[in-house]
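Read the structure below first, then the notes.
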Amino acid sequence: MHLTLHLTASCNMACRYCYSPPRGGPAMTVDTARAALAFGAAAAGEGSCGIVFFGGEPLLQRPIIEQTVAEAKALTAAGRGRFHFKITTNGLALDDSFLDFARREGVLIAMSFDGVREAHDAHRRLPDGRGTFDILLPRLRRLLAVKPYANVIMVVNPDTVQHFADGAEMLVGLGVRYLVVAFNFA
93 MHLTLHLTAS CNMACRYCYS PPRGGPAMTV DTARAALAFG AAAAGEGSCG IVFFGGEPLL
153 QRPIIEQTVA EAKALTAAGR GRFHFKITTN GLALDDSFLD FARREGVLIA MSFDGVREAH
213 DAHRRLPDGR GTFDILLPRL RRLLAVKPYA NVIMVVNPDT VQHFADGAEM LVGLGVRYLV
273 VAFNFA
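So this is what it looks like as structure tokens:
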């Protein structure tokens, strides 16, 4: 069983193909996360419950992530469930501190990166309209150095499909072992 905790609709990027509603709105509360843990522990029974941190950009709610992982570990230690964790991030707030936390606590990380600059910067932009390739490429390299089996999510849009093969080749060349290709049919 997996539960996806949608921590926030807020984001630090303004991707042109974003499915999320306008930025902002309330963040998930710690109480809601606790209720999800209780539900997951009960529903999973003897199995493990996967907790997926998602958003907007879930790293904008890092304290909730850290508290949820700590409470899940306490439940496991008390014999009241078993949990594993994953986060899907755009990478802008991915720093060494979070990578250390993820390594220590066993949090899997999936990072969005759309391949070569032309494809990536076509849609994955900052709120001021600048592309994010140059900002995120060093973060992707660091992620792969710390967590070599991290997933990379590559969105292929109709206007970027001509860059698909070059983007996949570039990402594999960087050491990506798990490439998730998401074709944007919207």
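Each residue of the sequence shown is one higher than the last, beginning at 93 in the numbering used here. For glycine and all other residues, C-beta sits at the position ideal for the given N, C-alpha and C.
So who's on the other strand from residue i, going by DSSP bridges?
{"i": "R217", "result": "G223"}
{"i": "C141", "result": "F175"}
{"i": "G147", "result": "T100"}
{"i": "I201", "result": "I179"}
{"i": "V247", "result": "A274"}
{"i": "L95", "result": "I143"}
Are the beta-carbon atoms belonging to residue i and residue j less than 8 Å from one another?
{"i": "L235", "j": "Q153", "result": "no"}
{"i": "T180", "j": "A202", "result": "yes"}
{"i": "G207", "j": "L263", "result": "yes"}
{"i": "R108", "j": "R217", "result": "yes"}
{"i": "A228", "j": "F205", "result": "This sequence places Leu at residue 228; Ala is not what is there. Against a cut-off of 8 Å, the Cβ pair of F205 and L228 comes out as a contact."}
{"i": "P240", "j": "R269", "result": "yes"}
{"i": "A185", "j": "L129", "result": "no"}
{"i": "F175", "j": "A162", "result": "no"}
{"i": "G171", "j": "C141", "result": "no"}
{"i": "M246", "j": "A214", "result": "no"}
{"i": "I143", "j": "F177", "result": "yes"}
{"i": "P219", "j": "A119", "result": "no"}
{"i": "A101", "j": "G147", "result": "yes"}
Drop a sphere of 10 angstroms on the beta-carbon of residue i, count the other beta-carbons inside from all chains shown, and report buried for 16 or more, exposed for fewer.
{"i": "T224", "result": "buried"}
{"i": "M93", "result": "exposed"}
{"i": "E149", "result": "buried"}
{"i": "R231", "result": "buried"}
{"i": "T244", "result": "The identity of residue 244 in the sequence shown is Val, whereas the question assumes Thr. Classification of V244: buried, given that the 10 Å Cβ count is 16 or more."}
{"i": "T160", "result": "buried"}
{"i": "T96", "result": "exposed"}
{"i": "A211", "result": "buried"}
{"i": "L266", "result": "exposed"}
{"i": "T121", "result": "exposed"}
{"i": "F277", "result": "exposed"}
{"i": "F190", "result": "buried"}
{"i": "G117", "result": "exposed"}
{"i": "S132", "result": "Before going on, a small fix: residue 132 reads as Gly here, not Ser. It is buried - the Cβ of G132 has at least 16 other Cβ atoms within 10 Å."}
{"i": "A237", "result": "exposed"}
{"i": "A135", "result": "exposed"}
{"i": "A242", "result": "buried"}
{"i": "G139", "result": "exposed"}
{"i": "V84", "result": "Since the first residue of the chain shown is 93 and the last is 278, residue 84 is not available in this structure."}
Is residue i near the ligand PLP, in the sense that its beta carbon is under 7 Å from a heavy atom of that ligand?
{"i": "G259", "result": "Ligands are entirely absent from the displayed structure, and the ligand PLP is therefore not among its contents."}
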